[in-house]
Amino acid sequence: MEFFFGAFEKEWERRRAAILHDRARGNGSQLDDEPRKRRGTVAVAPGVSFGRIAGLKPRLILQGKRSSRTEPSMRSRFRALASGSQPAVVKLASFGSAARLGAMINYVSRNGEVAAENERGEKPRGRDEISTIRGEWNHLMKNRAESRDIGTFAVDITGGFDPGGEIPAQARAFLKSALGDRRFAFAIKGRDNGYTIEGVTVLRDSNGERLTADNKASRIVADRLDAAFRGRVWFRFTAHGNGIDYGTSRLRALVERHEGAVENEAGRKIGDAQLAGDIVQLEWRDQLHSRKSRDVMHLILSARAGTDVENFRSAARAFLAAEFGGHRYVFSLHDPSLDPKPEGTGGKRPHVHVHAIVAMRNDEGERVETSIRTFRQWRVTLAEKAREHGIAMAMTDRRDRASAPSYGRNQVRPMSRIGRTEHVGTSLAAQDRYQSKRADQPNLAQTGVSLDYSRAARRHWSRLIHETSAEGALTFAKVQLSRLEAKLMEHGKTSRTASSKENPLSQLRTNSVNLVEAFSEDRMMRPMTRDEFRAYEKRVEDVLSQAQRTIPDGQRGGFAEIVSAVRDHVDARRDMVELQHRNREQSRTIQDGRELDRGDDAKERWDRAVARHGARTVEAANRIMLEVEHYRDAIGRAEAGGIGADKAALQASLNLELARAGVLGATGNSLIREIAEADDEIRMALEAARRSRERGRAGDDVGEIANVRRENDEADKTDHRASAERLSDGGEAELSPRAANEKRRDRPAIRPGDTTRSDPAGQHVPRLEQLPRDADEDRERDDRDR
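For my numbering, add 23 to where a residue sits in the sequence shown, where the first one is 1.
Shown next, in the form of structure tokens:
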């Protein structure tokens, strides 16, 4: 097949056709030098063409596309933030057309005074070298014309209106007949033989017809008026422009020239610049359907004040190469100590940041995706590259800590640029949004997905509080938890109030939801103080009372069973709270657990643990804890991604590993016991295993306990450092390892098939011999899904 390159109008289309043609023929000779010439980053072996690399798409090599990165789990991100990591900040400042490319590059390079760097590592300096960039990028620009959104006009009327009527009302009706169903504002003043009208109008009407605001459009409007005024009217458009900024400036200028005499198409007076801006922002904005050419975009990467400048420059360079490989870009770093721009005009910002101008389209015509998912991925990549260069940084989501939504540049205007820029909102709503963001007021996203995300964040902050011992991290986590809990509680009250006004069936659904929330896994698993339990118990009784009033008569029998089961749960929870309270009173300071959280060297921590507990004991505990942490992190990632089906299977596997850890600790592993002092889930599993052993209901655990006993017996034979003082938590642990083994051997043997014993609830619990097989099947299914 032969290509006729003359059929393509633009150079980039011809280039792409040539590339595709060469690929189809398996000839990559023309492409071998292209990546090195344009990016300087792709090495190609001699004699190897892009079209002949088996198993790979040539365009992926050509563009240098990144591999997909796994987002860190919510758990690990929260730990990093509590430890002092700064958030990754990537802002999309604006888009621009080819006509603005030169001005944008001059801005970020301070007219050539600040060093710039392109995707090839070249560093053009001075206005002359920077001006050549536009020529290199020109074939990537579409040069699409901006839409004409706002027009200014003038009307001269010979003669006049009816002197017996209201002149502004007659002028308003006159303009409606001329401009049709469009938003406009005008001012009228008299002259010797008639009137002159000046005005600003939206060029697009409600039906989608857009006037071009040129001589042709002026003749169209004038023809509409000739029939009524017979040549006594002269109408002309005087200017046109794009977007809200242009419309705001034109309307404010009209108000300034005609103080108190400007009104809109509805007869509303526009007395000052503030009201003029509000009208354009709130009333005209949706009518514009504004369109601008998006040939390039302006990104800003920010770091905290005090961040190492060169490390952040390297991190930004790596970020741009990873996310925009194959695209043209140029970036400059603004260091406040070296910024030539004065502080009063926006220079010398108090923090280090990088400005990057990126071409939206690459040589093959593919465009940069700008979606919410992409922005999130950019923050993940920037945090990753920053950590690689020694900067503690983590990806954040505003839902992590119920942060207020950000404000856009069209919602505010700067009032002072000294230090941190001070703004004022362009409307009351924008001012409220600006103040909420600056004051860091809590704000909860209201969509269903976001509410689920916020509840997951609350659980992880709560878990972090119980896992950390560092004072700063603990305080930070408590603040974030209180913010989320306050907003979630407020949302719950608002939802219940709104739904209770609907109908009795809605009340029944609300009470059912409340009942489910009262006995959710998070509430049942989270340790409570006695005061918290009393409040919890009162809450349960209130929910039951409210639900009972809305239950239909035919369902009261079934509801009585629910009430009985609920109160059994509350009684069990009361016993657990009392047991935890006694354990806290009797607990001693455990140095191991705290040392493990201080970030010491892993090998040193391992050696210290072995010295205290013995190698076999540590290895046995470590194997189980690795599995526990694996499933915790997997559950955190599933919660962040909203994967409900995977989370259930992962939780089942985590519960199995926790049960194994509890059995290991209950049968004499001293390291598991010490870990339980700082890990609530391990502690609860350990207590459950102890209660099971004390009550003689160990049938379910026989297979696992046998393995654990063998490991402990081997550890006792080879390691005599595990003394009875470290195992003084009660039960058999108070005996020496050898005496404990002898006592266990004296007990009657438990039949492997006997899983129910005398416990009715145990009849519904699967045997531990079956659980490992189920867990293996879940893992295989998870691997296939991923």
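Using N, Cα and C, we set each Cβ at its ideal position, and we do this for glycine too.
Can you name, in chain order, every residue of its own chain whose Cβ lies under 6 Å from the Cβ of residue i, other than the five neighbours on each side?
i	result
Ile-302	none
His-514	Leu-467
Leu-202	Thr-224
Leu-234	Leu-226, Ala-240
Glu-169	Asn-265, Lys-315
Quick one: Cα of residue i to Cα of residue j, how far?
i	j	result
Val-686	Ser-568	39 Å
Asp-268	Asp-228	19 Å
Glu-392	Glu-560	51 Å
Val-651	Phe-335	36 Å
Pro-147	Ile-128	11 Å
Ser-99	Asp-656	8 Å
Asp-331	Ser-337	10 Å
Lys-199	Leu-451	30 Å
Phe-184	Leu-311	31 Å
Ile-488	Gly-107	15 Å
Ala-256	Gly-174	For the sequence presented, residue 256 should be read as Val rather than Ala. One C-alpha to the other measures close to 19 Å.
Arg-396	Thr-93	13 Å
Ala-672	Ala-417	28 Å
Ala-103	Ala-500	11 Å
Ala-41	Arg-351	20 Å
Ala-661	Lys-516	28 Å
Leu-361	Asp-309	43 Å
Val-403	Ala-345	11 Å
Kindly examine the ligand FAD and report whether one of its heavy atoms sits closer than 7 Å to the Cβ of residue i.
i	result
Ser-505	The ligand FAD is not among the ligands present in this structure, which contains no ligands whatsoever.
Nearest by alpha-carbon distance to residue i: which of the options is it?
i	options	result
Ala-111	Glu-288, Ser-325, Leu-709	Ser-325
Thr-449	Ile-658, Leu-709, Leu-305	Leu-305
Asn-161	Pro-465, Val-381, Phe-499	Val-381
Arg-422	Ala-480, Val-403, Arg-402	Ala-480
Lys-165	Val-225, Arg-171, Arg-157	Arg-157
Ala-208	Val-285, Phe-101, Asp-237, Arg-280	Val-285
Tyr-218	Asp-179, Ala-196, Ala-210	Asp-179
Arg-242	Glu-232, Arg-259, Gly-231	Arg-259
Glu-159	Gly-290, Asn-141, Glu-169	Asn-141
Arg-486	Phe-101, Lys-371, Ala-425	Phe-101
Val-137	Ala-289, Ala-379, Gly-270	Ala-379
Val-593	Glu-627, Val-447, Arg-557	Arg-557
Would you mind reading off the limits of the beta strand (DSSP E) that contains residue i?
i	result
Trp-257	256-264
Thr-175	173-181
Gly-158	It is not in any beta strand (DSSP E) - Gly-158 instead sits in the alpha helix (DSSP H) that spans 149-160.
Ile-395	Not the beta strand (DSSP E): Ile-395 falls in the alpha helix (DSSP H), residues 395-411.
Leu-361	Run containing Leu-361: none; DSSP gives neither H nor E here.
Val-319	319-325
Any idea what DSSP makes of residue i, helix, strand or coil?
i	result
Gln-109	strand
Met-383	coil
Asn-15	No answer is possible for residue 15: the residues shown for the chain start at 24 and end at 809.
His-514	helix
Gln-53	Reliability fails at Gln-53, whose pLDDT of 43 lies under 50, so the model's placement of it is uncertain and the value that follows must be treated cautiously. Three-state result, Gln-53: coil.
Gly-222	strand
Val-285	coil
Phe-354	strand
Leu-467	coil
Ala-41	helix
Met-418	coil
Lys-371	coil
Ile-205	Note on residue identity: the sequence assigns Arg, not Ile, to residue 205. Coil.
Ser-477	helix
How far does the alpha helix (DSSP H) with residue i in it reach, from first residue to last?
i	result
Leu-202	190-202
Arg-716	703-717
Gly-231	Unbroken run through Gly-231: none, as it is neither H nor E.
Ser-439	Premise fails: Ser-439 lies in the beta strand (DSSP E), 435-439, not in any alpha helix (DSSP H).
Asn-334	332-346
Val-832	Since the first and last residues shown for the chain are 24 and 809, residue 832 lies out of range.
Ala-299	296-302
Ala-453	451-461
Return the chain-ordered list of same chain residues with a C-beta closer than 8 Å to the C-beta of residue i, the five sequence neighbours on each side being excluded.
i	result
Arg-150	Asn-129, Asn-134, Gly-135
Asp-620	Because the pLDDT of Asp-620 is 47, which lies under 50, any placement of that residue in the model is unreliable, and the question is left without a value.
Arg-506	Arg-424, Ala-425, Pro-465
Ala-811	There is no way to answer for residue 811, as the model of the chain reaches only from 24 to 809.
Who are the near neighbours of residue i in its chain, counting only those whose CB is closer than 7 Å to its CB and skipping five residues on each side?
i	result
Ser-16	Limits of the chain in this structure are 24 at one end and 809 at the other, which puts residue 16 out of reach.
Ser-439	Glu-445
Ala-711	Gly-685
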